[in-house]
Amino acid sequence: MTFSHNQSAHCESGVISSLLSHHGLPLSEPMAFGLANALAFAYIPIVKLGGQPLIAYRLPPRAIIKGLCKRLGVGVKFHKFKDPMTAANALDDLVGQNILVGLQTSVYYLPYFPEEMRFHFNAHNLLVYGKRDDVYQISDPVFEEPMEIAPRDLNKARFVRGPLAPKGLMYTIESVPESIDYPRVIREAIAKNVKVMTGAPLPVIGIRGIHYLAKKIDKLKGSEKDKRLYLGHIVRMQEEIGTGGAGFRFVYASFLQESAKLLSDDVLAEASKTMTDVGDTWREFALMVVKECKSKEPIRLAVLSDKLRQCAAQEKQVWQQLKAWCRK
Amino acid sequence: MRADEVPQDKSSTYAGHKKLLYAQGQDGEYQGVQSTGWEVEATATRDAVAQFELWAQEAHAEVLAGRKSPLYFHMYDCRMDLPLLCQLTGLWRWRVMRHFNPRHFARLSDSVLQRYAEAMDRPIEQIQSLPDKPE
Numbered sequence: 000m001t002f003s004h005n006q007s008a009h010c011e012s013g014v015i016s017s018l019l020s021h022h023g024l025p026l027s028e029p030m031a032f033g034l035a036n037a038l039a040f041a042y043i044p045i046v047k048l049g050g051q052p053l054i055a056y057r058l059p060p061r062a063i064i065k066g067l068c069k070r071l072g073v074g075v076k077f078h079k080f081k082d083p084m085t086a087a088n089a090l091d092d093l094v095g096q097n098i099l100v101g102l103q104t105s106v107y108y109l110p111y112f113p114e115e116m117r118f119h120f121n122a123h124n125l126l127v128y129g130k131r132d133d134v135y136q137i138s139d140p141v142f143e144e145p146m147e148i149a150p151r152d153l154n155k156a157r158f159v160r161g162p163l164a165p166k167g168l169m170y171t172i173e174s175v176p177e178s179i180d181y182p183r184v185i186r187e188a189i190a191k192n193v194k195v196m197t198g199a200p201l202p203v204i205g206i207r208g209i210h211y212l213a214k215k216i217d218k219l220k221g222s223e224k225d226k227r228l229y230l231g232h233i234v235r236m237q238e239e240i241g242t243g244g245a246g247f248r249f250v251y252a253s254f255l256q257e258s259a260k261l262l263s264d265d266v267l268a269e270a271s272k273t274m275t276d277v278g279d280t281w282r283e284f285a286l287m288v289v290k291e292c293k294s295k296e297p298i299r300l301a302v303l304s305d306k307l308r309q310c311a312a313q314e315k316q317v318w319q320q321l322k323a324w325c326r327k
Numbered sequence: 000m001r002a003d004e005v006p007q008d009k010s011s012t013y014a015g016h017k018k019l020l021y022a023q024g025q026d027g028e029y030q031g032v033q034s035t036g037w038e039v040e041a042t043a044t045r046d047a048v049a050q051f052e053l054w055a056q057e058a059h060a061e062v063l064a065g066r067k068s069p070l071y072f073h074m075y076d077c078r079m080d081l082p083l084l085c086q087l088t089g090l091w092r093w094r095v096m097r098h099f100n101p102r103h104f105a106r107l108s109d110s111v112l113q114r115y116a117e118a119m120d121r122p123i124e125q126i127q128s129l130p131d132k133p134e
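What follows is the structure in structure tokens.
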């Protein structure tokens with residue numbers, strides 16, 4: 000199979016962008032991310048990761064692939080399995096037929112991941128493009144180069160139980176549309192994203208969610224070490240988990256810029272700039288958190304929550320810009 | 000963020016790999032830029048890793064003292080906590096907690112041990128024993 004590996008910031012948008020490009024529908028990663036209206040913010044205290052609440056800067060796993068394919072009219076086929084042997088055979092069949100396959104895996108069981116990055120996260124996406132000398136050739140979108148993995152390790156990573164269990168999830172592209180009606184899909188995607196960020200009925204989602212987190216920081220109790228872990232966790236969610244910087248804000252700014260060019264639209268170009276500023280503020284927030292945590296003085300929580308409120312205010316501005324644009 | 004502001008801190012957490020970020024070039028155009036690491040992010044990552052290592056060390060001492068079974072140590076050594084171990088094995092919380100007791104753990108059947116072995120990706124013999132020193 001002639002397949003060219005492309006590095007991307009995020010696994011899911013990277014995988015679907017590579018898959019579609021391979022099937023003759025070239026689509027950049029930011030475009031895939033934006034058209035799936037994937038940007039979000041959610042603070043979910045009932046889901047715990049290592050004792051810390053889940054903080055998400057995008058839609059839940061699988062939503063990017065599903066949302067994008069639905070919006071563009073791409074035929075995508077998902078397979079789940081009960082039995083690892085069946086799953087392994089099904090994968091071998093497809094690879095034997097030279098079909099590019101997407102898989103959901105758990106990071107912890109992928110041996111090529113840097114040791115310090117191996118946490119239990121079950122929704123990591125990657126592509127299998129071949130099998131040689133009994134090892135799978137895979138394209139993991141967050142790495143610079145294609146990787147190889149032994150069947151035993153891959154099968155293990157595909158069948159992990161627990162939250163977001165992959166259950167051997169495997170997906171292939173069945174059909175792609177001949178062209179994309181960009182003016183329509185861009186408008187739809189942005190309108191939907193505005194709704195997620197400004198109109199969610201829960202106080203923990205969207206811009207209200209950012210304010211909610213700021214309030215949580217204000218009220219943070221416990222030892223300095225507990226605080227440090229909690230705040231560090233926010234930074235990790237924002238930066239570490241393949242977000243392209245500032246919790247996907249830069250990816251989205253890039254999407255807005257690309258859209259502005261496609262539609263020759265000045266408002267979108269302006270919104271892209273505001274979104275860049277938003278991203279810069281998030282980065283400043285991360286920097287401040289780590290500085291506060293490292294200093295010998297007690298952590299000044301109010302300074303951090305103020306910065307977060309500044310993020311929220313800027314986000315509000317950009318989403319209002321986009322809301323007005325959608326109404327036009 | 001501008002392309003020349005993309006941090007290149009050669010973080011140990013990346014283990015020599017590079018990550019892709021999006022940043023603006025000279026002309027304001029967004030492009031993918033590789034980063035060798037960001038100290039801010041690396042600090043947060045190392046903190047999280049250190050927390051698990053600390054738990055593992057404390058657990059190691061508990062097991063040595065005979066208060067807990069080796070399973071308790073291996074849980075933290077695999078970067079898990081109790082809720083996660085329950086979910087990964089499909090066992091109820093009270094059962095897992097019971098298996099932290101050395102007496103109960105010693106009597107476990109192979110099929111239950113196998114579930115732990117699969118979740119932790121370690122052979123049964125390893126889970127039944129305690130290494131000399133935590134990492």
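Taken in sequence, the protein lines are chains C and W.
For the first sequence, numbering that gives the first Met the number 0 gives the first residue as 0, with consecutive numbering after it.
For the second sequence, numbering that gives the first Met the number 0 gives the first residue as 0, with consecutive numbering after it.
Think of the CB as a built atom: it goes at the ideal place given N, C-alpha and C, for glycine as much as any other residue.
- The Cβ atoms of C/D139 and C/L109 lie closer than 9 Å to each other.
- DSSP places C/E283 inside the alpha helix (DSSP H), whose first and last residues are 265 to 293.
- Within chain C, the C-beta atoms nearer than 9 Å to that of W/E40 come from V234, R235, Q237, E238, E239, A285, V289, in chain order.
- Under the DSSP assignment, C/Y56 falls in the beta strand (DSSP E) whose first and last residues are 51 to 57.
- For C/R326, the secondary structure class from DSSP, reduced to helix, strand or coil, is helix.
- Residue C/R248 holds the alpha-carbon nearest to the alpha-carbon of C/N36 among C/L228, C/R248, C/G101, C/V127.
- Judged by DSSP secondary structure, W/A14 falls outside any alpha helix (DSSP H); it is assigned neither H nor E.
- Membership of C/Y111 in any beta strand (DSSP E) is not indicated, and neither H nor E is assigned to it by DSSP.
- The alpha-carbon of W/P101 is positioned some 15 Å away from that of W/Q125.
- Nearest CB-CB separation between W/F72 and chain C: not below the 9 Å threshold.
- Taking CB atoms only, C/K155 has a neighbour in chain W less than 9 Å away.
- Our two residues, W/S68 and W/L107, have alpha carbons roughly 11 Å apart in a direct line.
- Closer than 8 Å at the C-beta level to chain C, one finds these residues of the region 83 to 97 of chain W: L83, Q86, L87, T88, G89.
- Nearest to W/R45 by C-alpha distance, out of C/R235, C/Q103, C/G95, is C/R235.
- Residue burial is scored here from C-beta neighbours: W/W91 has fewer than 16 other C-beta atoms within 10 angstroms and is therefore classed as exposed.
- Bounds of the alpha helix (DSSP H) holding W/Y115 are 109 to 119.
- Relative to C/F120, the option among C/S105, C/I179, C/V134 whose CA is nearest is C/S105.
- Boundaries of the alpha helix (DSSP H) around C/E257: 248 to 262.
- Taking C-beta separations shorter than 8 Å and ignoring five residues to either side along the sequence, the partners of C/V193 in its chain run W318, L321, K322, C325, following chain order.
- Residue-level contact by beta carbon fails for C/S222 and chain W, as no gap is shorter than 9 Å.
- Around C/L53, the same chain offers I43, V46 as residues with beta carbons nearer than 6 Å, after the five sequence neighbours per side are excluded.
- Under the DSSP definition of a beta bridge, W/G31 partners with W/Y21.
- Between C/P83 and W/Q86 a beta carbon distance of about 18 Å is seen, past the 8 Å cut, so the two are scored as non-contacting.
- Comparing alpha carbon positions, the residue from C/I233, C/G205, C/V14 closest to C/G50 is C/I233.
- Runs of the alpha helix (DSSP H) lying entirely within the region 96 to 182 of chain C and spanning at least 4 residues, in chain order: 150 to 157.
- In this structure C/I98 is exposed. Its beta-carbon is surrounded by fewer than 16 other beta-carbon atoms within 10 angstroms.
- Just so you know, the alpha carbons of W/I123 and C/N88 end up roughly 27 Å apart.
- When the alpha-carbon of W/H16 is set against those of C/A213, C/E147, C/A122, C/F142, the nearest one is in C/F142.
- For C/A122 and C/M116, the gap between their C-alpha atoms comes out near 14 Å.
- Straight across, the Cα-Cα distance linking W/G36 with C/A149 is about 28 Å.
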